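I have placed the structure first, in the form of structure tokens, so that the comments after it can refer back to it.
Residue numbers (this note's numbering), protein chains in the order written: chain S, 2 to 103; chain X, 942 to 1101.
Here it is in structure tokens:
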């Protein structure tokens, strides 16, 4: 049982690290948000993998469902923000946001 | 175990592809495929409700939202990405995978496992009775999201 837990932890850590690397290296706003989504997938896997290993799958499931609901709300708000930013700056480049004044 | 491993590798592979691919539409579809793999993993871990949510909401709704955003911002998608990404990302990722494998193999085995206890009841019991406050939080978050989207897409006043 613990072997499968560590196995899940291994893949969840890989997903979270891939997402962090994407956040650090990419410049497109939508790409940055896709990287955040990848991190969210890693966290979901971590929650459910731990619940599965500890025989607490029901609590883990409710936490994952709550997490997904929060994630959807976050995605809707962030994508609305991205659309507004794209309309204002005519670009999706994160570097152009740093130049904004006033 | 082999099927589980294949599914987990597929999940990581499609997630990495979603970050690495240059085309935004292909990235969004890769993310949906990764969600599909995660949903199947959830089903195999005896968590059907989480699996259904993952596949229907994350692989379905969020992908639609991403594709809609890509379509709406088509005019401004010419972002010059850094050239180092193509070799820095795989390099660091492979290095991390090696460190990750060593840590999981060596260090974590020495950490004593947390106490675990089998739980009783059904998913409904746990969700409605055990995590009632979470539901209140979920409703609050959904309402906050709705109001945020309404505020962001509000028609401009004459003052603007």
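The beta-carbon is built from N, C-alpha and C at its ideal position, and this holds for glycine as well. Every value quoted in this text rests on a predicted model; they were computed, and no experiment measured them.
Check                                                                                                                  : Outcome
Residue interval of the alpha helix (DSSP H) (run including residue 97/S)                                              : 95-99
Residue 1015/X classed as buried or exposed, judged by whether at least 16 other C-beta atoms fall within 10 angstroms : exposed
Among 46/S, 99/S and 8/S, the one whose alpha carbon lies nearest that of residue 69/S                                 : 46/S
Residue 64/S to residue 48/S span [Cα, whole Å]                                                                        : 8 Å
Chain X within 9 Å of residue 100/S, Cβ atoms only                                                                     : no
Three-state secondary structure (DSSP) of residue 29/S                                                                 : strand
Interface positions of the stretch 989-1005 of chain X facing chain S (Cβ-Cβ less than 7 Å), listed along the chain    : 990, 991, 994, 995, 998, 999, 1002 and 1003
Minimum C-alpha distance to residue 7/S - residue among 1079/X, 1062/X, 1045/X and 1096/X                              : 1045/X
Cβ neighbour criterion (16 or more within 10 Å) applied to residue 89/S                                                : exposed
Burial state of residue 35/S (16 or more Cβ within 10 Å)                                                               : buried
Closer than 8 Å: residue 5/S CB and nearest the ligand SAM heavy atom                                                  : Of the ligands one can find in the structure shown there are none, so the ligand SAM has no counterpart to examine.
Interface flag, residue 943/X vs chain S, CB-CB below 9 Å                                                              : no
contact_flag[the stretch 992-999 of chain X, the stretch 1017-1028 of chain X] where n(CB pairs < 8 Å) is 3 or more    : no
Residue 85/S (DSSP reduced to helix, strand or coil)                                                                   : helix
CA nearest to the CA of residue 955/X, picked from 1061/X, 973/X and 1027/X                                            : 973/X
Cβ pair residue 962/X, residue 31/S closer than 9 Å                                                                    : no
Local Cβ density within 10 Å of residue 33/S, reported as buried at 16 or more and exposed below that                  : buried
For residue 996/X, the first and last residue of its enclosing alpha helix (DSSP H)                                    : Here residue 996/X belongs to no alpha helix (DSSP H), and DSSP marks it neither H nor E.
Three-way DSSP call (helix, strand, coil) for residue 1062/X in this model                                             : coil
Pair within 9 Å by beta-carbon distance, residue 26/S and residue 1088/X                                               : no
Residues in the stretch 1007-1031 of chain X having any Cβ partner in chain S nearer than 9 Å                          : 1007, 1009, 1010, 1011, 1013, 1014, 1016, 1017, 1018, 1019, 1020, 1021, 1022, 1023, 1025, 1026, 1029 and 1030
Neighbour-count burial assignment, residue 898/X, 16 or more Cβ in a 10 Å radius                                       : With chain X running from 942 to 1101 in the structure shown, residue 898/X is simply not present.
Sub-9 Å separation of residue 74/S and residue 1082/X beta-carbons                                                     : yes
Rounded Cβ spacing between residue 1013/X and residue 84/S (contact assumed at less than 8 Å)                          : 5 Å
Three-state secondary structure assigned by DSSP to residue 968/X                                                      : helix
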